[in-house]
Structure formats: structure tokens, C-alpha cells
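As given, the protein sequences belong to chains A and B, one line each in that order. Just so it is clear: in the first sequence, position 187 is 244 by our numbering, and no numbers are missing. Just so it is clear: in the second sequence, position 205 is 262 by our numbering, and no numbers are missing. Glycine is no exception: its CB is placed at the ideal position from the N, C-alpha and C atoms. Fair warning: this is a prediction, and the values are worked out from it, not measured in the lab. Below is one structure; the comments refer to it alone.
Number of protein chains: 2
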Amino acid sequence: MCDTGVRNLHTPLMKTASRNGKAAGIRDIAKALGTSIGTVDRALHGRSGVSARTKARVLRMAEQLGYRPNIAARSLKLNRTLRIAAVLPREIAAFFDPLREGIRRAAEETLGTQLTLDFIDYPRLGSGDRAALENAAAKHCNGILFVPFRPRDLADVMRRIVAQGTSMFCVASDAPDSGRIGCVTVDAYTSGALAAELLSHKLQSPSRVATITGELATFDHAEKLRGFAAGLAMLAPHLTLLPVVETHERPEDAYRQTITLLRSKARPDAIYISTANSLPVLRAIEEQKLIGHMQVITTDLFHELVPLLESGKVLATLYQRPEAQGKLAFETLITHLMDKDKPVRTHRFAPHIILRSNLSLFVNRLSARSSVAST
Amino acid sequence: MCDTGVRNLHTPLMKTASRNGKAAGIRDIAKALGTSIGTVDRALHGRSGVSARTKARVLRMAEQLGYRPNIAARSLKLNRTLRIAAVLPREIAAFFDPLREGIRRAAEETLGTQLTLDFIDYPRLGSGDRAALENAAAKHCNGILFVPFRPRDLADVMRRIVAQGTSMFCVASDAPDSGRIGCVTVDAYTSGALAAELLSHKLQSPSRVATITGELATFDHAEKLRGFAAGLAMLAPHLTLLPVVETHERPEDAYRQTITLLRSKARPDAIYISTANSLPVLRAIEEQKLIGHMQVITTDLFHELVPLLESGKVLATLYQRPEAQGKLAFETLITHLMDKDKPVRTHRFAPHIILRSNLSLFVNRLSARSSVAST
DNA sequence: TGCTGAGATGTGTACGTTAACGTCCACTAC
DNA sequence: GTAGTGGACGTTAACGTACACATCTCAGCA
Numbered sequence: 058m059c060d061t062g063v064r065n066l067h068t069p070l071m072k073t074a075s076r077n078g079k080a081a082g083i084r085d086i087a088k089a090l091g092t093s094i095g096t097v098d099r100a101l102h103g104r105s106g107v108s109a110r111t112k113a114r115v116l117r118m119a120e121q122l123g124y125r126p127n128i129a130a131r132s133l134k135l136n137r138t139l140r141i142a143a144v145l146p147r148e149i150a151a152f153f154d155p156l157r158e159g160i161r162r163a164a165e166e167t168l169g170t171q172l173t174l175d176f177i178d179y180p181r182l183g184s185g186d187r188a189a190l191e192n193a194a195a196k197h198c199n200g201i202l203f204v205p206f207r208p209r210d211l212a213d214v215m216r217r218i219v220a221q222g223t224s225m226f227c228v229a230s231d232a233p234d235s236g237r238i239g240c241v242t243v244d245a246y247t248s249g250a251l252a253a254e255l256l257s258h259k260l261q262s263p264s265r266v267a268t269i270t271g272e273l274a275t276f277d278h279a280e281k282l283r284g285f286a287a288g289l290a291m292l293a294p295h296l297t298l299l300p301v302v303e304t305h306e307r308p309e310d311a312y313r314q315t316i317t318l319l320r321s322k323a324r325p326d327a328i329y330i331s332t333a334n335s336l337p338v339l340r341a342i343e344e345q346k347l348i349g350h351m352q353v354i355t356t357d358l359f360h361e362l363v364p365l366l367e368s369g370k371v372l373a374t375l376y377q378r379p380e381a382q383g384k385l386a387f388e389t390l391i392t393h394l395m396d397k398d399k400p401v402r403t404h405r406f407a408p409h410i411i412l413r414s415n416l417s418l419f420v421n422r423l424s425a426r427s428s429v430a431s432t
Numbered sequence: 058m059c060d061t062g063v064r065n066l067h068t069p070l071m072k073t074a075s076r077n078g079k080a081a082g083i084r085d086i087a088k089a090l091g092t093s094i095g096t097v098d099r100a101l102h103g104r105s106g107v108s109a110r111t112k113a114r115v116l117r118m119a120e121q122l123g124y125r126p127n128i129a130a131r132s133l134k135l136n137r138t139l140r141i142a143a144v145l146p147r148e149i150a151a152f153f154d155p156l157r158e159g160i161r162r163a164a165e166e167t168l169g170t171q172l173t174l175d176f177i178d179y180p181r182l183g184s185g186d187r188a189a190l191e192n193a194a195a196k197h198c199n200g201i202l203f204v205p206f207r208p209r210d211l212a213d214v215m216r217r218i219v220a221q222g223t224s225m226f227c228v229a230s231d232a233p234d235s236g237r238i239g240c241v242t243v244d245a246y247t248s249g250a251l252a253a254e255l256l257s258h259k260l261q262s263p264s265r266v267a268t269i270t271g272e273l274a275t276f277d278h279a280e281k282l283r284g285f286a287a288g289l290a291m292l293a294p295h296l297t298l299l300p301v302v303e304t305h306e307r308p309e310d311a312y313r314q315t316i317t318l319l320r321s322k323a324r325p326d327a328i329y330i331s332t333a334n335s336l337p338v339l340r341a342i343e344e345q346k347l348i349g350h351m352q353v354i355t356t357d358l359f360h361e362l363v364p365l366l367e368s369g370k371v372l373a374t375l376y377q378r379p380e381a382q383g384k385l386a387f388e389t390l391i392t393h394l395m396d397k398d399k400p401v402r403t404h405r406f407a408p409h410i411i412l413r414s415n416l417s418l419f420v421n422r423l424s425a426r427s428s429v430a431s432t
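Spelled out as C-alpha cells, the structure:
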């Protein structure tokens, strides 16, 4: 009994008991110092008009009383409304729909501020993103969430937006030198390495392995392949890596290139598809009657993939947790906008490895909408 | 250009433009209706003292103007401080330290309310939990986060606490009929099934498989074994499941029972340890010179496990994401306390499968403290 | 001495909501 | 008729903060 311990945590929002259990406020500091709340306010916020001596006294007393600003009162007074835009492509819907949903849900749950959230859509990665960004820029938002697909092509727009005082935040892929304040992505390198490790367990004898990716100019796609190659080299020297196939996220190209790949004399025994756009590839494999006869690892999750995973025709899929990415990206951006002093962490998610056994946990989350277009 | 679309989301916190861009407040409704804000307040909150007709008019106008309460103003006025207690064991530290940290961090980031968070510790699962709960009950908290270890033994205390108006919230394991308002756990059944699937990939020929668990009276431990058995039956009929070893979370027992198990004539070729308390078991395996010669799947992550995973001596560990569990549990509890009308979701996490390739992503999160006791 | 300007400090109001309190009026009981 | 009752509604004072504005002090100078 005497073995149980209580530790009380003074959270930033909990104020220490001072005047009979109530929290210490700005006027308590003033009273304790025999000064006025105006002075205390100036001192606490580093505004001009306070002597150095008074400022020091205020800060010390604030510390001593355990003063924490009352966020509710502050945001009531300031009554500022944050304006956020999420600039996202409509395709690949299986990925971006849940990502949007994550953002929406995070916005819903945000307390303490009025906020406006605009979703600005554009057709597909690489098509319309520039116009959409300009569109967002015109709104003079406080923050913009976006996907840096070919970061170099957008460098000038991004610089302009940043110069205008808008905080840019990357999601789904990173653009390290773009002036973005932070990003949330899956750790792409690990994603690729995991695919290699899973294949190394399955393929015991010398085999050929192919990779199919979307856009190598996208930072995260390149990283996945780097991780995959490194993983193969480290864990499975008996596996040969074929030249990468780049689809530029165009379904028809993906289909045709896969067919060519499967008909070539150096036909692969396994394929790692590092983009969520795996359906055309899977269709090609199926048409060549190779499904079930080669190991396939895909990326992300959508309805058409479910039976393939259930039956073992696809070994595993590396789920990039779009909803969680959206939620965290939004939360991080908001936190930064509310308090620009706090450093912004750049988050690297661990992808979820989806196998047969844990598939059902993720299928629940799939909305009816989030099936990919059947193109 | 004309291809980009903008959708504006009216989040619950965004108010529709009415009086020149500003949000609609309670006094806007009053003005529009020619009534007073007192009446509007009463109508909106279902308080007595409003005629049915007026109430209906108010509600309709509120809807029409897109009224959303200003949370900041509300919580400033109400100025209530939520009192939360987290009743958690000190051991297994590798699990409960990060869980506590998740709770602490979530509390830190909570806006819009003053809150007090008390951590009430007790030595270990099954020892001191009752006293700790009584301790928490005495504080008359608004909510209590706790781990239902042997739920039946605590049923009476829990009933008392609930009757006293405190919301109970389960974390790490569930206690479905305890009056708890919700829970956050790993999906234990899936955890077990994943272990089975991973072993089924590795062990191709007929083999014996053992399971070592903590406490079968704990709902989630029983579920893991159920999932493991079902997974084996479905995916690997060539694997024989040995009788379960129950350690009751006592390291010495775990060690001795493992030695016995490994020396028996029916020595297992693989072991699934479904509790985070795997160190004594691993020590026994090592002392019997069997490490690296049998497949081992563990639960959760701590420093001692890292080299074993890196070297492949442990095939995989099923990470229960204690920090994420703590964070979500706290957030869910707070959300419920702020608005009791909203339904509380019961969350089932997917465990993370940690292999060599993705190990580094999780090692970063390990704090120096979260190593298990070396007992 | 009086005036000026600037820096330091005090004062008051508003943010949107809640809840205590006041007012009005219809109705009942005597 | 009057007193009493209770329902319906209006009024107002907070909650803690931020900021515009008023006031004070004092050095510098004619």
C-alpha cells in the first residue's frame, strides 16, 4: 500500500496553486509586485516600454508563481482565425483521399483556435499542381500543406509563397531545400529496405528482382529504391536487381512497361512496386498468368488489393498510413502557427507491413471511396 | 488551371461569414431574433426557462447562421480544470515508461482546458494496483487511465469509482464489462496471428512451437494466444503447438520455466513470447546455447533486444507502440470529458512488426530510461 | 520656471460565453 | 381585489488576456 507513488505533473496548462487553489494569472504577478498588469504583459511578451530591472523582476516572479498563460483567454482576446490550405491531387485516390480525411479529422478536433481549412485539389501529381499552389498562394493563408512532387519545378512558386509569410509544410514526400518548415512522410528508405528483407526471406535461391516506381525526381521514390537496393545487397546477395522501371504515375505506361518486363528473357521472380499506383502492374502480371507464381510486394492499400493479400498472391504491402500522415501533418503545422518559437519536428513514419494476418485491421479503415480509379 | 478545385471545409471551429466576415456568435443569433443572449444560451443548452416555440426558433436560426460555439470563450468562462489520474505499474518499464511519456506529451499539447495530471505508480502488475486505484479514487478525478490486469479482482473498486462519477479508461488491455467508457489497446488477437504467420514463413518443415505468456487472466494475453493458435492452424498445419507457459510476469519463474521447457524432450523449434517480459526467457535460451538455433518472436522493444534483432537472433518483435497508446488514450479520455455526448471509440492498434530493416526507426524513440530492469 | 519629448507605467475596454440575478406578466388562491 | 407563484425572458458581471490610450516621471533646454 505504502508502495504506491503519486507524481504530480505540472502540465503547461495547469497552474500552480497560489491564491487558494486557483492558478496564477497575469494579475497575480502584478499584485505580488505591486505593479500593473500592463507592465507585466509588456515584460512577459518582450514588448518595449519596460525597464530592464522591472522586466527581470516580472520574469522572476512569473517563474516563482509558476505562471502559465491561459490559452483560452489569449485566443479569445486575439480572436485570430488561422487559414490553412491543403493542396492535394485527386489521384492516387487510394492514398490522397484518406490523407485528406486525416487532415479533416485533425482540423475537427483542433481546439483553441478558429480555423478555416480549404482543400485545393488538382488532377494528378505533376499535372495542375503549379496552378493549385498559385491558387492557394492568392488566398494568403497562414499555412499550406502540399506534396512536393517535382520539387525543382516548383521551387520559384514555393519561394514566393514563403516570402509572402505563409508556412509551407510537406506531406507524403519531402523537399528538403524548399523553405518548408517541416514535413511528415513515411521513411522511404526503410520502406524499400523492408521490401528487400521480406523478399530475402521468401526467395532462398538466386533470383531476379524488379522494381517499379512512379517518379524518380520525387525525393521519396528515389529513397525507396535506394533502401531497396541497399537491403538486397546487405541481406540477400543472391538476388539480382534489374534496372528500375519508372512509370511517371501514368497507368497505361505502367501496364505496357510491365508487360515488356515480364516478356523479356530476364523475367523477374519478384517485383517490388514502390508507388501506390500498382493496379496496372498487377493487371499485367495477372494477364501474363504469373500471379501467384512470383513474389509481389506493393505499396499502400486499396480494395482491389484485399483479395490478393488474403490469398497470398501478394506477399505483403507497405502501408504508408495516409490518414495518420495527414493528421500529424496538420497538427504539426497548427502547433507551429500557434507558437512559432517551438521547433518543428520532421516526422518519419514507419510504414506498416500488412500481411494476411493483420489485413483486417486495415481494411476497416478503407472507405468506400478510397478505391483507385479503374484506369 | 480551371481544373483545380477548391472545397471549403466548415470545420466545427470555423464560423460562417455573416457580419462582414466575422463568425456568428450567440449574440448574432439573439440580434437576428430580436431576443436576448440569455434566452439563446438557454435554448442552445437545453436549459429550462425557454418556451418550446422560442427554443425552436433559436435552434433554427443557429443552424441557419452556422453558429459554432467559441471554445476559447467557453472554457475561459467555465474555467473548469479537469483532473486526470494515470494509474500505471512501474514494471515492465520498457512498456510503461513510454506509455506514461505518451500520456504526458498528450497532456502537454492539450489546449483549451486547464488540467491536472497525476501519475499514480504501483510496483508491478498484480501487486499494488488495488491500493493505487483506491488512491486515485480518493482524489475524485474526472477520469482515470489504468491497466486492467486481473479485471475480476478489481471489479468492485471499479464499480465504486464509476458510481462516484469518474470516467474509467482502459489502456494496454481491455476489461469489457467493467463500466469503462473506452479503451486503447493493441489488437491482441492479430498480434498473436502475426507471430504465427511470421513463423509459418520461416519454418517450412514440421516443428514444435512454444508460447510464453504473462497472465492468462488478462484479457489481452489470452487473446494473443487465441490468435496465435488460430494463425498456426490456418497457415501452418505442420507446426505443433506446445502447452502454454504462464509466467505471471515473475522473471524468476519465467527463467526457470523456460529452462525446463528447453530441456524437455519435446524441445520447441520456435518460441513466441507474448509479454514484454521476455528478457528472462532470452537469457535461458542463451544459456542453453540455443540462441540463433531457434526462431524467436518477442513482444515490444527495449535496449537489450536491439542487438538480437540486428543480428537476426530474434526474428521479429511485435511492437505494441506504448507511447502512441498513451497519447491516444489520453486524447480520447479528454475528448469524452469535454463533451460527454460524443460517442467514445474503442481503439485497436495494429502492432508494428519490427525486423532488422526498420529497427532503427524505433530505436530512436527508446529513451535511456526505458530499458527493463535487469532482474 | 516652464515646456517638450520620450520612456516607463497605470487604466480601461473588449473578446464570446455562462450563470446568477432581476424583471415582467399571467395565473391561482384567498 | 391582492398577494403569491412560477415561467419566460432580459441584464449584467465575470473569466484572463491583449492592446490602445491615459498618465506619470524626469532629463534636457530655452
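- Secondary structure note for Phe406(B): its beta strand (DSSP E) is the uninterrupted segment 404-406.
- Cβ atoms of Asp357(A) and Ala151(A) come within 8 Å of each other, at about 6 Å.
- Within chain A, the C-beta atoms nearer than 7 Å to that of Ile410(B) come from Ile410, in chain order.
- Here Thr242(A) is near Arg405(A), since their CB atoms are less than 8 Å apart.
- Between Pro155(B) and Pro379(B), the C-beta gap is smaller than 8 Å, which places the two residues in contact.
- In the three-state DSSP reduction, Leu122(A) falls in the helix class (H, G or I).
- At a cut-off of 3 residues, the continuous stretches assigned as beta strand (DSSP E) that sit fully inside the segment 345-392 of chain A are 352-356, 373-376.
- In the DSSP assignment, Val204(B) forms no beta bridge with any residue.
- Only exposed fits Lys397(A), as fewer than 16 other CB atoms lie within 10 angstroms of its CB.
- Residues of the segment 253-266 of chain B whose Cβ lies closer than 9 Å to any Cβ of chain A, in chain order: Ala253, Glu254, Leu255, His258, Lys259.
- Apart from the 5 residues on each side of it in sequence, Leu116(A) sits with its Cβ closer than 8 Å to the Cβ of Ala100, Leu101 in its chain, given in chain order.
- Against chain B, the CB of Thr403(A) has no partner CB under 8 Å away; the residue lies outside that interface.
- For the segment 111-132 of chain B, the beta-carbon criterion of a distance under 9 Å to any beta-carbon of chain A is satisfied by Arg125, Asn127, Ile128, Ala129, Ala130, Arg131, Ser132.
- Nearest neighbour of Gly185(B) by Cα position, chosen from Asn199(B), Phe203(B), Thr315(B), Leu174(B), turns out to be Phe203(B).
- Taking C-beta separations shorter than 8 Å and ignoring five residues to either side along the sequence, the partners of Thr389(B) in its chain run Phe226, Gly239, Val241, Val401, Arg402, His404, following chain order.
- Remark: C-beta atoms of Phe359(A) and Leu423(A) approach each other more closely than 8 Å.
- Here the alpha carbon of Ala274(A) sits roughly 59 Å from the alpha carbon of Leu90(B).
- By the neighbour-count criterion, in which a residue is buried when 16 or more other Cβ atoms sit within 10 angstroms of its Cβ, Gln121(A) is exposed.
- For the alpha helix (DSSP H) assignment, the uninterrupted runs of no fewer than 4 residues enclosed by the segment 277-323 of chain A are, from N- to C-terminal side, 308-320.
- No residue range can be given for Gly82(A), since it is assigned to no alpha helix (DSSP H) and is classified by DSSP as neither H nor E.
- Contact holds between the segment 252-269 of chain A and the segment 289-300 of chain A, because three or more Cβ pairs, one in each stretch, are under 8 Å apart.
- Residue contact check for Gln171(A) against chain B: a CB pair falls below 8 Å.
- The C-beta distance from Ser230(A) to Leu375(A) rounds to 15 Å, too long to fall under 8 Å, and the pair is not in contact.
- Gln382(B) counts as buried, since at least 16 other C-beta atoms from the protein chains shown sit within 10 angstroms of its C-beta.
- Apart from the 5 residues on each side of it in sequence, Asp178(A) sits with its Cβ closer than 6 Å to the Cβ of Arg147 in its chain, given in chain order.
- Excluding five sequence positions before and after Gly106(B), the CB atoms of its chain that fall closer than 6 Å to its own CB belong to Arg99, given in chain order.
- In this structure, the alpha-carbon of Leu412(A) lies about 14 Å from that of Glu254(A).
- Contact between Ile342(B) and Ala373(B) does not hold, since their C-beta atoms are separated by about 15 Å, which reaches or exceeds 8 Å.
- Counting along the chain, no beta strand (DSSP E) covers Val107(A), and no H or E run does either.
- Judged by DSSP in its simplified three-state form, Leu145(B) adopts strand.
- Taking 8 Å as the CB threshold, Arg320(B) stays off the interface with chain A.
- Against chain B, the CB of Arg237(A) has no partner CB under 8 Å away; the residue lies outside that interface.
- Linking Glu303(A) to Asn421(B) through their CA atoms gives a straight-line distance of about 33 Å.
- Separation of the CB atoms of Ala250(A) and Ser414(B) is rounded to 4 Å, and the pair is thereby assigned contact status at 8 Å.
- With respect to the C-alpha of Met118(A), the residue from Pro308(A), Ile83(A), Pro337(A), Arg140(A) having the closest C-alpha is Ile83(A).
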